[in-house]
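S.K.: In mature numbering (1 follows the signal peptide of the UniProt record, and there is no 0), the protein residues as written are -23 to -1, 1 to 601.
C-beta: ideal position from N, C-alpha, C; glycine also.
Predicted model, so just to flag it, every value in this text is computed and none were measured.
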Amino acid sequence: MALNSTIALLILTSSHVIPSSNGATNHSHPQMVNSSLLIEIVRSLHNLNDFNNFVFFISDRLTKDTHTAAEFFHDFWHVFPTIPITIKVDNTENMDGFLSIPSLCLILTTAPNDPIMRVASIGLKGLRYVRTLFILFPFAGEDSNEELYETICQIYHWVWRKQFINTALLTIRNGIFIHDPYPEPSIANLTHNWTAEQFFVTSNMDFKGYEIRTPIHHDLPRVFYMTKPRRFITKNHFVSGVSGKLFTSFVEFINATFNETTTNELGTQPVNLSDIIRKVGGKRLEISLHSYTDMLPKKSGTSYPIGINDWCIMVPYHNRTPDHRFIKSSFRTYAWYLVIFSIAYITLGIWFCTPTPQRDLSLSFIQAICSLLLIPPLRVLTLPCCRMRFIFIILFVLGFITTNWYVSKMASFLTASKEPPQINTIADVIAAKLPIMIMSYEYQVLKEYNFPQAFMDLIINATKPQMDMHRDRLNTTYGYSTQTDRWNFINIQQRYLRKPIFRLSDICIGPYYHIYPIQKDSHLARPLQTFILLASNVGLIDHWEKEAFADALHLGYVHMMTVDEILPPLSLSFFRSIWLLWAMGVLLSIAVFAFEFHGQATCRKLRQACKLHATKFCNKFNGT
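1. Give me whichever residues DSSP pairs with Ile290 in a beta bridge.
2. Who are the Cβ neighbours of Trp464 in its own chain at under 8 Å, not counting the five residues just before and after it?
3. If Thr231 and Phe184 are in contact, beta carbons under 8 Å, what's the gap, nearest whole angstrom?
4. On the three-state DSSP scale, how would you describe Leu351?
5. Does the beta-carbon of Phe329 have 16 or more other beta-carbons within 10 angstroms, so that it is buried, or is it exposed?
6. Going by beta-carbon coordinates alone, are Val316 and Leu349 separated by less than 8 Å?
7. DSSP three-state call for Ser80: helix, strand or coil?
8. Is the Cβ-Cβ distance between Met538 and Leu435 less than 8 Å?
9. Quick check on the burial criterion: 16 or more other C-beta atoms within 10 angstroms. Buried or exposed for His(-8)?
10. Could you tell me whether the stretch 265 to 275 touches the stretch 481 to 496, using the rule of 3 or more Cβ pairs below 8 Å?
11. Taking its Cβ as the centre, do 16 or more other Cβ atoms sit within 10 Å of Thr2, making it buried, or is it exposed?
12. Have a look at the DSSP bridge pairing and note the partners of Gly152.
13. Taking Gly221 as part of the alpha helix (DSSP H), name the residues at either end of that continuous run.
14. Sort out for me which residues DSSP pairs Arg480 with in a bridge.
15. Apart from the five residues on each side of it in sequence, which residues of its chain come closer than 6 Å, Cβ to Cβ, to Gly284?
16. At what residues does the alpha helix (DSSP H) containing Leu505 begin and finish?
17. I'd like to confirm the pairing. Which residues does DSSP put opposite Gly284 in its beta bridges?
18. Is it buried or exposed for Ser163, if we count other Cβ within 10 angstroms and need 16 for buried?
19. Would you call Tyr455 buried or exposed, if buried means 16 or more other Cβ atoms sit within 10 Å of its Cβ?
20. Please confirm if the stretch 521 to 533 is in contact with the stretch 217 to 228, defined as three or more CB-CB distances below 8 Å between the two stretches.
21. Please name the residue in Asn29, Arg199, His194 whose C-alpha comes closest to that of Ala529.
22. Tell me the DSSP secondary structure of Phe235 in three-state form.
23. Consult DSSP for Ser(-4) and reduce its assignment to one of helix, strand or coil.
24. Could you give the residue range of the alpha helix (DSSP H) that holds Glu124?
25. Is the beta carbon of Ile484 closer than 8 Å to that of Thr402?
26. Which runs of the alpha helix (DSSP H) at least 4 residues long sit entirely within the stretch 418 to 455? Give them in chain order.
27. Can you tell me whether DSSP reads Met272 as helix, strand or coil?
28. Check this for me: beta carbons of Phe33 and Leu76, under 8 Å apart or not?
29. What is the rounded straight-line gap between the Cα of Thr440 and the Cα of Phe466?
30. In whole angstroms, what separates the C-alpha of Glu229 from that of Leu501?
31. Tell me which same chain residues have a C-beta within less than 8 Å of the C-beta of Ile225, skipping the five on either side of it?
32. Could you spell out where the alpha helix (DSSP H) holding Thr109 opens and where it closes?
33. So who's on the other strand from Gln247, going by DSSP bridges?
34. Could you check the C-alpha separation between Ile323 and Thr579 for me, to the nearest Å?
35. Whose C-alpha, out of Arg20, Arg138, Pro332, Arg261, is nearest the C-alpha of Arg190?
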C-alpha cells in the first residue's frame, strides 16, 4: 500500500542519554506484539484520518541484543513502503515544528519506566493532543494477565499525568485498550470488538460531567461572586464578571461541572494572582477562572488569548479652569501689557493735546480708560479744538475694536471652553507630583523600562485590597495602573458626564495577551481555544461585559455618576478679577484723596511759613 503523502520520522534512544532503570533487560527479552494486527490497525486509522506523518519513538531495549524492532519494521515497511526522511538518534528535542496535522505517533515501549517514555514526553511537549498509539512489548516473565494489566494501568496513569489526550494501547495476545478520562479516568478493553472510529476522538466537547476545581476570589471586573441575585433573572449565576461568565459558560459548553464547594468562603477575598499562577504551575490547580494580563514571568501554561490589553496609567481629569481666570484668559499676557501701556500712552496724549488752561492729568487718565471701554465723553462734540475731536474719534474706533474682540472671546470661552491641560506624559506626572498606585508585581516590570527616578519615586506599591478600595471608587488623590479591559469597565461609570473624573494617559506599555492560567499541555486547552474563538465571533464577550457591569451595579460595586445638565449661574468667584481690580482702584483713590487733602493743608502751611519767614527776613533787613 503506497502512502505517497506520508512522511515517516524515526526517533531512537540509547541508554547513555537517559539511563535505564530496569535491570530485567540483561536477563530477558521483550515479547513480540502481533505485527499483523498492529499494521491492520494503522491501515484502518490511516484510511480514516489520512495521516501526514508517522512518528516512531523506539525504546533502545528493543534494538539491543534483540531483533524485536527489526522484525516489526520489516513487516511495517513492507505494507507502508515509506522512507524515513528524519532519523534522530540520542535526541530529546521537541518535535513541535516537525509535524503537520494529522499525525500518528507510535511509541514502542517495554514498561512505564522505560526511558523512551520520558523521551516521548519531552519530544511531544506542546503536541500531546496528537493521536498516539502505545505498543507495549512486555518482558518475558512479566506477561501474566495480572502483571500485564497492572503495567497497562501504570502506563495510562502516566499518560493522564502527562496529559496525552488521544491514546490507545496495543500489547501481546492482541490486547487493545483505550483510555477514557471522562468523567473519571478509566480503561476500556477493545480486544475482541474494535473499530477504527473507537480509537481516537476527533473533537472532544463532551466531558461527561468531568469536575473542574478552582477557587473563586474577588477581582472586579473579571471575576466576582454574586452575593444576591438580580431581579427578573431566573438563572442563578453564582459567578459574574467577564472572565467568570466566559469560564462558567465554557464549563457548561463542554458538559463539565464546576466545583463551587470550596469557593463560598473565598468569594469576597481579593485574588492573589501570583499565588494562583504558582499553584497552576505546580499542578495543584488544573486551571483558574481568574484571567490576567500576561506581563508576569511564565510559571504556568497559558490559554488562548481572550483579548489584548495595554498596561496604562489612569490619571484624574483636570476638570476646568477656575472661573476668575476666564476674564484674563481672553487676551494673552503680552496683550494685557499692551493695554496697560496704551492707557498710559493715551493719558499722556490727551493731556498733551488738551489746551493749556484745561489740562488735568487725572481727567486725561479717566478719559483714556473710558475710551478703551467704548465710553467716549459726550462733550467731544462741543470741543472747540479740532485736534481733540480727531483724537477722540480715533480713540472711539480703538475702543470699539478692542471691546468687541474681548467680548467675542469671552463669549466663546463661556459657550465652548477648551479643555484645560491634562496629565499625559511622565514629565506631566512628575510636574504634578501625582502619586501612582500600582501592584507590586507590576513594579518589577516597570523597573525593566528604565523610567526616570523622579517618576519611580512617585510609585506606590499597593496590595489588591488597597487598589480596589481606591481605584474602584475613583479616588482622585492618586493615579492608578490599569489594563484595557479594566479601564473600559471603569469608564462606563462616567459615560454620561460632560467632564470625566478619570482619563487614560499616554503612559502605556504593551500590548499583552489577556489569558487564563492553565497547565501546560492541558486537555482543556484546545476546547477552551475553540470556545473563546466562538464566543468572540458571535459577540458573547461584549454581551458579558455589559452583564458584568449590570451585576456590579446591582451589588453596589460601581455607581453611575449623576448627570447634572443645569447650567450653573455665574458666582462671585467669576468676577474675582474685577473685584480685585475694583478694590485696588478704591485703595488707590483713597490714597490719592488723602494725599490731596493733606497735601493742600500742608501746602497752605508751607506757604504761610514761607510768607512768615520772608516777612521776618524783610523786616529785619529793613530795620538794619
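M.R.: Per the coordinate set shown:
1. Looking up residue 290 in the sequence shown gives position 313. Ile290 pairs with Ser458.
2. Taking the sequence shown and counting its residues from 1, one reaches residue 464 at position 487. Once the five neighbours on either side are set aside, the close Cβ partners of Trp464 are Cys289, Met291, Leu481.
3. As a working mapping, residue 231 is identified with position 254 in the sequence shown. As a working mapping, residue 184 is identified with position 207 in the sequence shown. Note that residue 231 corresponds to Ile in the displayed sequence, not to Thr. At roughly 5 Å, the Cβ-Cβ gap stays under 8 Å, so Ile231 and Phe184 are in contact.
4. Within the sequence shown, numbered from 1, the residue matching residue 351 stands at position 374. Coil.
5. As a working mapping, residue 329 is identified with position 352 in the sequence shown. Around the beta carbon of Phe329, fewer than 16 other beta carbons lie within 10 angstroms, which makes this residue exposed.
6. Counting from one through the sequence shown, the residue named residue 316 turns up at place 339. Counting from one through the sequence shown, the residue named residue 349 turns up at place 372. Cβ distance < 8 Å, so Val316 and Leu349 count as in contact.
7. Taking the sequence shown and counting its residues from 1, the one referred to as residue 80 is at position 103. In the structure shown, Ser80 sits in a strand (DSSP, three-state: E or B).
8. In the sequence shown, the residue the question calls residue 538 occupies position 561. In the sequence shown, the residue the question calls residue 435 occupies position 458. In this structure, Leu435 does not lie closer than 8 Å to Met538 by Cβ.
9. As a position in the sequence shown, residue -8 is number 16, starting the count at 1. Caution is warranted here: a pLDDT of 45 is assigned to His(-8), below 50, making its placement in the model unreliable, and the coordinate value is therefore given only provisionally. Within 10 angstroms of the beta-carbon of His(-8) lie fewer than 16 other beta-carbons, which makes it exposed.
10. A contact between stretches requires three or more CB pairs, one per stretch, nearer than 8 Å, and the stretch 265 to 275 meets this requirement with the stretch 481 to 496.
11. Sequence index remark: in the sequence shown, residue 2 carries index 25 (1-based). With a pLDDT of only 44 at Thr2, under 50, the local geometry of the prediction cannot be trusted, and no value is derived from it.
12. Taking the sequence shown and counting its residues from 1, the one referred to as residue 152 is at position 175. In the DSSP output, where bridge partners are listed per residue, Gly152 has Thr148.
13. Position 244 of the sequence shown, counted from the start, is the residue given in the question as residue 221. Residues 219 to 230.
14. As a position in the sequence shown, residue 480 is number 503, starting the count at 1. According to DSSP, Arg480 bridges with Val292.
15. In the sequence shown, residue 284 corresponds to position 307, counting from 1. Here the set comprises His491.
16. On the sequence shown, position 528 is the one that residue 505 refers to. Unbroken alpha helix (DSSP H) run through Leu505: 502 to 514.
17. In the sequence shown, counting from the first residue as 1, residue 284 sits at position 307. DSSP lists His491 as partners of Gly284.
18. Residue mapping note: residue 163 aligns to position 186 of the sequence shown, counting from 1. Using a 10 angstroms sphere on the CB of Ser163, the tally of other CB atoms stays under 16, which defines it as exposed.
19. The residue labelled residue 455 in the question sits at position 478 within the sequence shown. Residue burial annotation: Tyr455 is buried, with at least 16 other C-beta atoms found within 10 angstroms of its C-beta.
20. A contact between stretches requires three or more CB pairs, one per stretch, nearer than 8 Å, and the stretch 521 to 533 meets this requirement with the stretch 217 to 228.
21. As a first step, residue 529 must be located in the sequence shown, where it is residue number 552. When only C-alpha atoms are compared, the closest one is Arg199.
22. The residue labelled residue 235 in the question sits at position 258 within the sequence shown. Reduced to three states, the DSSP call for Phe235 is strand.
23. Locating residue -4 in the sequence shown gives position 20, counting from the first residue. Because the pLDDT of Ser(-4) is 47, which lies under 50, any placement of that residue in the model is unreliable, and the question is left without a value.
24. Residue 124 sits at position 147 when you count from the first residue of the sequence shown. It spans 122 to 138 - the alpha helix (DSSP H) in which Glu124 sits, taken as one unbroken run.
25. Numbered from 1 along the sequence shown, position 425 holds the residue referred to as residue 402. Numbered from 1 along the sequence shown, position 507 holds the residue referred to as residue 484. Their beta carbons are under 8 Å apart, which means Thr402 touches Ile484 by this criterion.
26. Taking 4 residues as the shortest admissible run, the stretch 418 to 455 contains the following complete alpha helix (DSSP H) segments, listed from N- to C-terminal end: 430 to 433, 441 to 448.
27. Position 295 of the sequence shown, counting from 1, holds the residue named residue 272. Met272: coil per DSSP, three-state reduction.
28. Residue numbering aside, residue 33 sits at position 56 when the sequence shown is read from its first letter. Residue numbering aside, residue 76 sits at position 99 when the sequence shown is read from its first letter. Cβ atoms of Phe33 and Leu76: not closer than 8 Å.
29. The sequence position of residue 440 within the sequence shown is 463, counting from 1. The sequence position of residue 466 within the sequence shown is 489, counting from 1. Approximately 20 Å between the Cα atoms of the pair.
30. On the sequence shown, residue 229 is found 252 positions in, with the first residue counted as 1. On the sequence shown, residue 501 is found 524 positions in, with the first residue counted as 1. A straight line joining the alpha-carbon of Glu229 with that of Leu501 spans about 13 Å.
31. Residue mapping note: residue 225 aligns to position 248 of the sequence shown, counting from 1. Per the sequence presented here, residue 225 reads as Thr, with Ile not at that position. Cβ neighbours of Thr225 beyond the five flanking positions: His214, Val216, Phe235, Leu266.
32. Position 132 of the sequence shown, counting from 1, holds the residue named residue 109. Careful: Thr109 lies outside any alpha helix (DSSP H), inside the beta strand (DSSP E) at 108 to 113.
33. Position 270 of the sequence shown, counted from the first residue, corresponds to residue 247. Here residue 247 is Pro; the residue named in the question, Gln, does not match the sequence. In the DSSP secondary-structure assignment, Pro247 is bridged to His195.
34. For the purposes of this step, residue 323 is identified with residue 346 of the sequence shown, where counting begins at 1. For the purposes of this step, residue 579 is identified with residue 602 of the sequence shown, where counting begins at 1. About 32 Å.
35. Against the sequence shown, residue 190 aligns to sequence position 213. The shortest Cα separation from Arg190 among Arg20, Arg138, Pro332, Arg261 belongs to Arg261.
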